[in-house]
Amino acid sequence: MKSKPVILLVDDELSIRKVIGKRLAQFGFSVLAAASGEEGLQLAAAHHPDLILLDIMMPNMKGRDVCARLKADPATNAIPVIFLTALGLADHIKGGMDLGADDYIIKPFDPDKLRERIMVCLARHQR
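Our numbering runs 139 ahead of the 1-based position in the sequence shown.
Here's what the structure looks like:
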């Protein structure tokens, strides 16, 4: 039996982590949640999730810095990253993709579209 894909959700807002985490679980994913960029890096290194959903606007360590560190580390650089953020200008999207993100989803979003984009990303990165 194939195990559930593991999604690491990194967002500083508890309400966002709860709502998205619950929806991801309903979609059949196992969910790890981190409240900060630092915690996200630790969980990524320890658990090697199948995909990371990453907010950009967080205190202390921004999502862009987290993504850059993930992509610079040979232990985590193959993990797909999807930015999930309120920053929706073309420059923001280009900047996120230039850092190595696999996708960029703007809040608010349709949960079914989120699931579709996660599934596409996971299919592209099957290990």
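C-beta: ideal position from N, C-alpha, C; glycine also. As the structure is a computational prediction, the values presented were derived from the model and not from experiment.
### Task
Please go through the same chain and pick out, in chain order, the residues whose beta-carbon is closer than 7 Å to the beta-carbon of residue 151, but skip the five residues on each side of it.
Once the five neighbours on either side are set aside, the close Cβ partners of residue 151 are 174, 175, 194, 197 and 198.
### Query
In whole angstroms, what is the alpha-carbon distance linking residue 228 and residue 247?
Approximately 14 Å between the Cα atoms of the pair.
### Query
When we look at the beta-carbon of residue 263 and count the other beta-carbons within 10 Å, is it buried (16 or more) or exposed?
With fewer than 16 Cβ atoms within 10 Å of its Cβ, residue 263 is classed as exposed.
### Message
Does residue 153 pass the burial test, meaning 16 or more other C-beta atoms within 10 Å, or should it be called exposed?
### Response
Residue 153 counts as exposed, since fewer than 16 other beta carbons sit within 10 angstroms of its beta carbon.
### Task
Would you mind sorting residue 189 into buried or exposed? The rule is 16 or more other CB atoms within 10 Å of its CB.
With 16 or more other Cβ atoms within 10 Å, it is buried.
### Query
Who pairs with residue 172 in a beta bridge, going by DSSP?
As a beta-bridge residue in DSSP terms, residue 172 pairs with 148.
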